[in-house]
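Residue numbers (the numbering used here), protein chains in the order written: chain P, 454 to 534; chain R, 128 to 450; chain Z, 125 to 348.
Right, one structure below, let's go through it.
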Amino acid sequence: MIEGADIVKAAAFLGAGISMGVGAIGPGVGEGMAAAKACEAIGKNPKEAGLLTRTMLVGQAVSESTGIYSLVIALLLLFVV
Amino acid sequence: MAYDIQTWVSVAAFTGGGMAMGFGAIGAAIGEGYTAASANEAIGRNPEQSGDIFKSMLVGQAIAESASIFALVIALMLLFTNFPSHILSVPVLLGAGLCMGLGAIGSGVGSGFPAGAACKGMSRQPAMSNRLTTNMLIGSAVCQTPAIFSLVVSFILLFTDFSANPVSPTWAAILGAGISSGFGAIGSGLGGGLVAQASCEGISRQPLTVTPVTNVMLLGQAVTQTTAIYALLVSFILMFKSFPATDALAPPMALLAAGICMGIGAIGPAVGEGFAGQGAVAWIARNEKHIADLTRSMLVGQAVAESTGIYSLVIALVLIFVV
Amino acid sequence: MEDLGRIHQIIVPFFGHNMTFNLEVMIMTWIVISALLCFGFLAAQKKSLLPSPLQVVGELFVVHLFALTEDALGEELSKKYAPLICALFMFLLLSNWLGIIPHLEEPTKDLNTPLSLGIMGFCIAHYAGIRAKGLKTYLKGYCEPMFIMAPLNVIGELAKVISISFRLFGNIMGGAIIILVVSYLTFSIITPPFLNAFFGAFVGTIQAFVFTMLTVVYIAVQVN
């Protein structure tokens, strides 16, 4: 017999999976683009490699924040709701 | 109207076969079309090389096609094999079909990119046609690995006897395994293609840099494959771990969600890693002296781009083992 | 296929809790550590201008990893952290390669090893950050761009530990499981050596380098 609480739990699990799965697409592509442009810039101006890598990392950290929001929501759905 | 189990098994077999070939045709067709378009452009630019370009177009298309042929094999097996009339055959057949169908998309499109770039490169730099063909073959072959992962998972699903397992969570585990490997292969195939495309283009522009460019291409592609390997890992765990029988809805949903999470979550990071590799390889061809700096920042960039894929892996493992 | 979940462990009761020791991981880790100690001792024993083969390998590691650390951290800090980075890379490299030898296993296959190394890197990076910037500036860094973003910034930092350790674990574990399943399906004919070469030697080297590089980068981001 399937009860209401069970359905809620099942929906929370499914929601967590979809949240993290779909939420991982955007940051992944975006961070990749940042890395591609950083490589391009290092190719053009190799002297600034250290600065460029650091800038790339900060930019990626910012674009990753939406992925971390997805992670937080997924963990909330799994353990809190 | 009550149908017996055999009817449902047949329904699943035909649906799975349709999905395998239907989805499986998307990627190869796009990839081959891209190759043909590039070949036409290349012949238009340099008609004297039409023989070589035509040959390499056909070879490139044949490789891009192989992902689709894997899908055809699975579809034919689903249509013409007699499967045991057990209720778990239904998710097995659907999962195998989905896995191979989705898994062929990325590799098909991805393999088209290096072939197209090689055709264009031949018109620009006819003396390099041999090296270009070799590089294209290596690059496209690596692009096929995710499709081969999907093929392996489909075969394991079809030939493993699940009938001793409890029906309730196992159906979701099987379906989740198929979805995870299927979706997980899309990004890696595409990303690997982008890296190989940049290397073919780079070789045709800077013929002297063949060796470093090919090496870094292989490195970039290997890192791009890692998300597909995570998806494969989740699939194997879902298929081979034994789950206790249950009447509730939540445990099977957790397993299904694990597959969806890892599968879809692997797409974006792999494409991103492909972009990163593409940028690095393109600039290594132009600026070979700074190969160490470029390789290093490519690896760091790819590693960071991969982190969201790793969060998906973590959530999938939590869904399987913790909740 | 029975190998899939096989773990030898000792369970020791400890004030009402059970402490579990994973024997295989501990033995393999000690094998790696003793091999590295022997290597270091032998390579540094006779330092000559015409180096012995072991000395050449040792110099190769030291020179390249010191240069790599210096690029990211600057000359002054790199003197402090380069030995650690060098040791970390050599440990990870040998750990990832260990699975190629039959009957031995990668210690990195168990999540505990990468996780503890990840936590170690995290602590070092934040210690370096506090030393370089002072506690006030360090704490202020969490309140960017707004004060209310602080919890998310903290989660972002903790997520780095998860991503760095699960990356290594996922790759090595994935490789091991793929080798196991494919060997089982093909009755261990022909394919296992190639798979071992790819997952053990190639992927293992890349992941060891990526782990080391990310540890350096995390330190560099905290310091600057």
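Beta carbons: idealized from backbone N, C-alpha and C, even for Gly.
Residues bridged to residue i by DSSP?
{"i": "residue 532 (chain P)", "result": "Its beta-bridge partners do not exist; DSSP assigns none."}
{"i": "residue 138 (chain Z)", "result": "Z:141"}
{"i": "residue 133 (chain Z)", "result": "Z:146"}
Please list, in chain order, the chain P residues whose beta carbon lies closer than 7 angstroms to that of residue i.
{"i": "residue 381 (chain R)", "result": "466"}
{"i": "residue 279 (chain Z)", "result": "521 and 525"}
{"i": "residue 283 (chain Z)", "result": "521 and 524"}
Run down chain R in chain order and give the residues with a C-beta less than 7 angstroms from the C-beta of residue i.
{"i": "residue 295 (chain Z)", "result": "353 and 356"}
{"i": "residue 515 (chain P)", "result": "In chain order: nothing, as chain R lies at least about 11 angstroms away."}
{"i": "residue 475 (chain P)", "result": "391"}
Let me check understanding here. Comparing Cα to Cα, which of the options lies closest to residue i?
{"i": "residue 336 (chain Z)", "options": "Z:256, Z:215, Z:265 and Z:312", "result": "Z:215"}
{"i": "residue 405 (chain R)", "options": "P:467, P:474, P:493 and P:473", "result": "P:493"}
{"i": "residue 281 (chain Z)", "options": "Z:170, Z:165 and Z:249", "result": "Z:249"}
{"i": "residue 139 (chain R)", "options": "R:235, R:225, R:409 and R:288", "result": "R:225"}
{"i": "residue 509 (chain R)", "options": "R:271, R:375 and R:422", "result": "The displayed coordinates of chain R run from 128 to 450. Any statement about residue 509 (chain R) would go beyond what the structure contains."}
{"i": "residue 247 (chain Z)", "options": "Z:235, Z:300, Z:227 and Z:346", "result": "Z:346"}
{"i": "residue 189 (chain R)", "options": "R:206, R:445, R:243 and R:208", "result": "R:243"}
{"i": "residue 219 (chain Z)", "options": "Z:171, Z:152, Z:133 and Z:297", "result": "Z:152"}
{"i": "residue 231 (chain Z)", "options": "Z:315, Z:313, Z:332 and Z:168", "result": "Z:332"}
{"i": "residue 143 (chain R)", "options": "R:204, R:168, R:182 and R:349", "result": "R:204"}
{"i": "residue 163 (chain Z)", "options": "Z:170, Z:155, Z:178 and Z:271", "result": "Z:178"}
{"i": "residue 201 (chain R)", "options": "R:177, R:179 and R:285", "result": "R:285"}
{"i": "residue 355 (chain R)", "options": "R:396, R:212, R:312 and R:392", "result": "R:312"}
{"i": "residue 519 (chain P)", "options": "P:462, P:461 and P:483", "result": "P:483"}
{"i": "residue 433 (chain R)", "options": "R:318, R:257 and R:345", "result": "R:318"}
{"i": "residue 241 (chain R)", "options": "R:158, R:174, R:288 and R:385", "result": "R:158"}
{"i": "residue 276 (chain R)", "options": "R:259, R:421, R:267 and R:230", "result": "R:230"}
{"i": "residue 436 (chain R)", "options": "R:163, R:423, R:346 and R:360", "result": "R:360"}
{"i": "residue 253 (chain R)", "options": "R:210, R:282 and R:177", "result": "R:177"}
{"i": "residue 166 (chain Z)", "options": "Z:150, Z:154 and Z:183", "result": "Z:183"}
{"i": "residue 342 (chain R)", "options": "R:397, R:307, R:419 and R:402", "result": "R:419"}
{"i": "residue 441 (chain R)", "options": "R:335, R:358, R:173 and R:368", "result": "R:358"}
{"i": "residue 502 (chain P)", "options": "R:447, R:369, R:425 and R:385", "result": "R:425"}
{"i": "residue 299 (chain Z)", "options": "R:164, R:365, R:353 and R:297", "result": "R:353"}
{"i": "residue 339 (chain Z)", "options": "Z:307, Z:317, Z:310 and Z:205", "result": "Z:205"}
Contact defined as beta carbons within less than 8 angstroms: I believe residue i pairs with residue j. What is the distance between those atoms, to the nearest angstrom?
{"i": "residue 215 (chain R)", "j": "residue 279 (chain R)", "result": "In fact, because the Cβ distance is near 20 angstroms, the residues do not count as touching under 8 angstroms."}
{"i": "residue 394 (chain R)", "j": "residue 314 (chain R)", "result": "4 angstroms"}
{"i": "residue 300 (chain R)", "j": "residue 220 (chain R)", "result": "15 angstroms between Cβ atoms; not a contact."}
{"i": "residue 304 (chain R)", "j": "residue 233 (chain R)", "result": "Not confirmed; about 18 angstroms, so no contact."}
{"i": "residue 305 (chain Z)", "j": "residue 363 (chain R)", "result": "6 angstroms"}
{"i": "residue 463 (chain P)", "j": "residue 255 (chain R)", "result": "Not a contact, Cβ separation roughly 58 angstroms."}
{"i": "residue 320 (chain R)", "j": "residue 486 (chain P)", "result": "The Cβ separation is near 16 angstroms, so there is no contact."}
{"i": "residue 350 (chain R)", "j": "residue 341 (chain Z)", "result": "Residue 350 (chain R) to residue 341 (chain Z), Cβ: 16 angstroms. No contact."}
{"i": "residue 350 (chain Z)", "j": "residue 262 (chain Z)", "result": "Because chain Z is modelled from 125 through 348, residue 350 (chain Z) falls outside the range shown and cannot be assessed."}
{"i": "residue 155 (chain R)", "j": "residue 195 (chain R)", "result": "4 angstroms"}
{"i": "residue 235 (chain R)", "j": "residue 191 (chain R)", "result": "5 angstroms"}
{"i": "residue 524 (chain P)", "j": "residue 130 (chain R)", "result": "Wrong, their Cβ atoms sit about 43 angstroms apart, outside the cutoff."}
{"i": "residue 212 (chain R)", "j": "residue 132 (chain R)", "result": "5 angstroms"}
{"i": "residue 431 (chain R)", "j": "residue 325 (chain R)", "result": "That belief does not hold up - the Cβ atoms of residue 431 (chain R) and residue 325 (chain R) are roughly 20 angstroms apart, past 8 angstroms."}
{"i": "residue 307 (chain R)", "j": "residue 345 (chain R)", "result": "At roughly 26 angstroms, the Cβ-Cβ gap does not stay under 8 angstroms, so residue 307 (chain R) and residue 345 (chain R) are not in contact."}
Who are the neighbours of residue i on chain R, taking C-beta pairs under 8 angstroms?
{"i": "residue 326 (chain Z)", "result": "349"}
Residues of chain P with CB under 8 angstroms from residue i, in chain order?
{"i": "residue 348 (chain Z)", "result": "507"}
{"i": "residue 276 (chain Z)", "result": "518, 521, 522 and 525"}
{"i": "residue 161 (chain R)", "result": "Under the 8 angstroms cutoff, chain P gives no residues; its nearest Cβ is about 19 angstroms from residue 161 (chain R)."}
{"i": "residue 425 (chain R)", "result": "488 and 492"}
{"i": "residue 192 (chain R)", "result": "The contacting residues do not exist; residue 192 (chain R) stays about 27 angstroms from chain P at best."}
So with CB distances below 9 angstroms, who are the chain P contacts of residue i?
{"i": "residue 414 (chain R)", "result": "495, 496, 497 and 499"}
Mind pulling the chain B residues with CB within less than 9 angstroms of residue i?
{"i": "residue 457 (chain P)", "result": "Judged by its chain identifiers, the structure shown contains no chain B, and its protein chains are P, R and Z."}
Interface residues of chain Z around residue i at Cβ under 8 angstroms?
{"i": "residue 529 (chain P)", "result": "Ordered by position in chain Z, no residue passes the 8 angstroms Cβ test against residue 529 (chain P), which lies about 11 angstroms from the chain."}
{"i": "residue 289 (chain R)", "result": "The premise fails here: residue 289 (chain R) is roughly 14 angstroms from chain Z at the closest Cβ pair, so nothing lies under 8 angstroms."}
Can you pull the chain Z residues whose beta carbon is under 9 angstroms from the beta carbon of residue i, in chain order?
{"i": "residue 503 (chain P)", "result": "195, 196, 198 and 344"}
Going along chain R in order, which residues have a C-beta closer than 9 angstroms to the C-beta of residue i?
{"i": "residue 240 (chain Z)", "result": "None at all; the shortest Cβ gap to chain R is about 17 angstroms."}
{"i": "residue 286 (chain Z)", "result": "434, 437, 438 and 441"}
What residues of chain Z sit near residue i, judged by a beta carbon separation below 7 angstroms?
{"i": "residue 363 (chain R)", "result": "301 and 305"}
{"i": "residue 360 (chain R)", "result": "294, 297, 298 and 301"}
Looking at the ligand ZN, does it come within less than 7 angstroms of residue i, judged from the CB to the closest heavy atom?
{"i": "residue 244 (chain R)", "result": "The model on display carries no ligand, and the ligand ZN is accordingly not part of it."}
- Item | Inter-stretch contact (C-beta, 8 angstroms, three-pair minimum) for the segment 397-415 of chain R and the segment 490-507 of chain P | yes
- Message: For the structure I just gave you, are there three or more beta carbon pairs, one from the segment 268-282 of chain Z and one from the segment 317-331 of chain Z, closer than 8 angstroms?
- Response: no
- Message: Below 8 angstroms, how does it come out for the segment 262-271 of chain R and the segment 240-251 of chain R: are there three or more Cβ pairs, yes or no?
- Response: yes
- Item | the segment 283-293 of chain Z contacting the segment 229-244 of chain Z, beta-carbon criterion three pairs below 8 angstroms | yes
- Message: If contact is defined by three or more beta carbon pairs under 8 angstroms, each pair taking one atom from either stretch, is the segment 523-533 of chain P in contact with the segment 468-480 of chain P?
- Response: yes
- Message: Check whether the segment 511-524 of chain P and the segment 145-162 of chain Z are in contact - that is, three or more C-beta pairs closer than 8 angstroms.
- Response: no
- Say whether the segment 356-376 of chain R touches the segment 324-333 of chain R, bearing in mind that this needs 3 or more beta-carbon pairs closer than 8 angstroms, one atom from each stretch. no
- Segment contact, 8 angstroms Cβ cut-off, at least three pairs: the segment 172-192 of chain Z with the segment 203-210 of chain Z: yes
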